[in-house]
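Residues in the sequence shown are numbered from 466 upward in steps of one, following our numbering.
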Amino acid sequence: MPQLELSPELDFQSETYKDAYSRINAIVIEGEQEAYENYQQLADMMADSKDELLKLAKMENRHKKGFQACGRNLDVSPDMDFAKEFFSSLHQNFQTAAAEGKIVTCLLIQSLIIECFAIAAYNIYIPVADDFARKITEGVVKDEYLHLNFGEEWLKANFETAKAELEDANRQNLPIVWRMLNQVETDAHVLAMEKEALVEDFMISYGEALNNIGFNTREIMRMSAYGLTAA
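Laid out in C-alpha cells, this is it:
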C-alpha cells in the first residue's frame with residue numbers, strides 16, 4: 466500500500482498538516498457525535514432493541530472522546546463548524562426520516578452509510594497516523610464493525626418489507642457520500658489518505674453490507690452507482 470511508504474515522511478507538527486488535521490479530526494469527532502445521537506433516537510424508535518442501541522450510542526461517545534484526545538495530542542483545535550456543515554445533509558435526512566418513523570431509512574443512513582464511511586476512513590488512516598492516533602483508531606474500527614453488523618442483521622431479518630425503502634433511501638443518500646468525499650479530498654491528501662482508496666474501501670464495505678442484507682450482485686451494482694459520477 467503506497468500510504469505505508471509515505472508515513473515516515475509526514476511531519477505531524479507542520480502547519481500544513483495541522484491545518485488539514487483540524488478539519489479531518491473535526492469530521493471524525495462530529496461523525497461519532499452524530500452516531501451517538503442517531504443511536505439514541507433509534508433506541509426510542511426500536512423498543513425491542515433499545516438496550517443494544519443505547520450500548521452502541523455509549524461506544525460512539527467513547528470514540529468521540531478518543532478522537533478529541535488525538536487532536537489535543539497534536540495541539541490542534543478541531544474545526545467543528547466545518548464538520549457540522551460537512552454532515553448537515555445526512556443529518557437532515559436522518560432527522561426527517563426519524564420524524565416520519567422510517568426506521569429502515571434511519572438504519573441505512575447510520576448503520577450502513579455512516580458506519581461504512583467511518584470504516585473506510587479509519588482503515589485508510591491507520592497506516593499513516595501518528596502513533597497515538599493509530600492506537601486510538603485501531604480500537605475504534607473494531608467497534609464500528611459491530612455497529613455495522615447491528616444494522617445488517619436487523620435489515621436482513623426484515624429484508625422483504627424493507628427492500629423498497631432501502632432502495633429509495635440509497636438513491637437519496639448515497640450521492641451525498643460522494644460529495645462529502647470530494648469536499649475532503651485535499652485535506653485527506655495532506656494526511657496521505659488518497660481519495661481513490663477511500664472510495665474503494667467504502668464501496669467494498671457498503672457492497673458487502675448490502676449483500677449480507679439480501680441484495681443480489683446486479684442490485685448492488687445498480688445501487689452503488691448512484692451519484693458515483695460525482696466522485
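For every residue, glycine included, the Cβ atom is placed at its ideal position computed from N, Cα and C.
* Could you check if R488 is buried or exposed, using at least 16 other CB atoms within 10 Å of its CB as the buried criterion? => Taking all protein chains shown into account, R488 has 16 or more neighbouring C-beta atoms within 10 Å of its C-beta and is therefore buried.
* Residue of L475, T682, E517 minimising C-alpha distance to Y501 -> Ranked by how close their Cα comes to the Cα of Y501, the residues L475, T682, E517 have E517 in first place.
* To do: Report the three-state DSSP secondary structure of E536 (helix, strand or coil).
  => The identity of residue 536 in the sequence shown is Gly, whereas the question assumes Glu. Here DSSP, grouped into helix, strand and coil, assigns G536 to helix.
* Check whether F582 and A491 have beta carbons under 7 Å apart -> Between F582 and A491, the gap from beta carbon to beta carbon reaches 7 Å or more.
* **DSSP three-state assignment for Q552, whether helix, strand or coil** => For the record, residue 552 in the displayed sequence is Phe; it is not Gln. F552 falls in the coil class under three-state DSSP.
* Asked: Going by beta carbon distance, what residues of the same chain come within less than 6 Å of H528, once the five residues before and after it are set aside?
  -> If we look at H528 and ignore the five residues flanking it on each side, its Cβ neighbours are E497, V605.
* Asked: Okay, do the segment 506-517 and the segment 583-592 touch, 3+ Cβ pairs below 8 Å being the bar?
  -> Look at the beta carbons and you see the segment 506-517 not touching the segment 583-592: under three pairs across the two are nearer than 8 Å.
* Could you give the distance in angstroms between the alpha-carbon of A662 and the alpha-carbon of A653? -> About 11 Å.
* To do: Please go through the same chain and pick out, in chain order, the residues whose beta-carbon is closer than 7 Å to the beta-carbon of M466, but skip the five residues on each side of it.
  => Low local confidence applies: a pLDDT of 40 at M466 is under 50, so the model's placement there is unreliable, and no value is given.
* To do: Could you pull out every residue in the same chain whose Cβ sits closer than 7 Å to the Cβ of T650, ignoring the five residues on either side in sequence?
  => Here residue 650 turns out to be Glu, not Thr, going by the sequence shown. For E650, where only same-chain residues beyond five positions count, the Cβ hits under 7 Å are K660.
* Since S487 is in the alpha helix (DSSP H), which residue starts that stretch and which ends it? -> Counting along the chain, the alpha helix (DSSP H) containing S487 begins and ends at 480-510.
* Going by the C-beta, is N558 closer than 6 Å to any heavy atom of the ligand SAM? -> Of the ligands one can find in the structure shown there are none, so the ligand SAM has no counterpart to examine.
* To do: State the DSSP-derived secondary structure class of G566, mapped to helix, strand or coil.
  => Look at G566 here: in three-state DSSP terms it is coil, with no helix or strand label.
* Flag this pair as touching only if the segment 684-692 and the segment 631-640 have three or more C-beta atom pairs under 8 Å; answer yes or no. => In this structure the segment 684-692 touches the segment 631-640; the number of beta carbon pairs closer than 8 Å is three or more.
* Taking the CB atoms as reference points, tell me whether I678 and F624 lie closer together than 7 Å. => Yes. Within cutoff.
* Asked: For V595, which of helix, strand or coil comes out of DSSP?
  -> Note on residue identity: the sequence assigns Asp, not Val, to residue 595. D595 carries a coil assignment under DSSP once its states are collapsed to helix, strand and coil.
* Asked: Just checking my contact of T561 with E630 at CB under 8 Å: how many whole Å lie between their CB atoms?
  -> Actually they are not in contact, since the Cβ atoms of T561 and E630 sit about 13 Å apart, beyond 8 Å.
* **L475, DSSP secondary structure in three states** => When secondary structure is reduced to three states using DSSP, L475 falls in the coil class, being assigned neither helix nor strand.
* To do: Report the rounded CA-to-CA distance for I494 versus Y610, giving the unit in angstroms.
  => Pairing I494 with Y610, the inter-Cα distance amounts to about 18 Å.
* Element boundaries [alpha helix (DSSP H), containing P640] -> Residues 624-655.
* Less than 7 Å separating the beta-carbons of L555 and G616? -> Contact: no.
* What first and last residue would you give for the alpha helix (DSSP H) that runs through A586? -> Start and end: 580-590.
* To do: Report the residue from L620, A627, N614 whose alpha carbon sits nearest the alpha carbon of S670.
  => Scanning L620, A627, N614 for the CA closest to the CA of S670 turns up N614.
* Asked: The alpha helix (DSSP H) with G672 in it runs from where to where?
  -> For G672, the enclosing alpha helix (DSSP H) has its first and last residue at 660-678.
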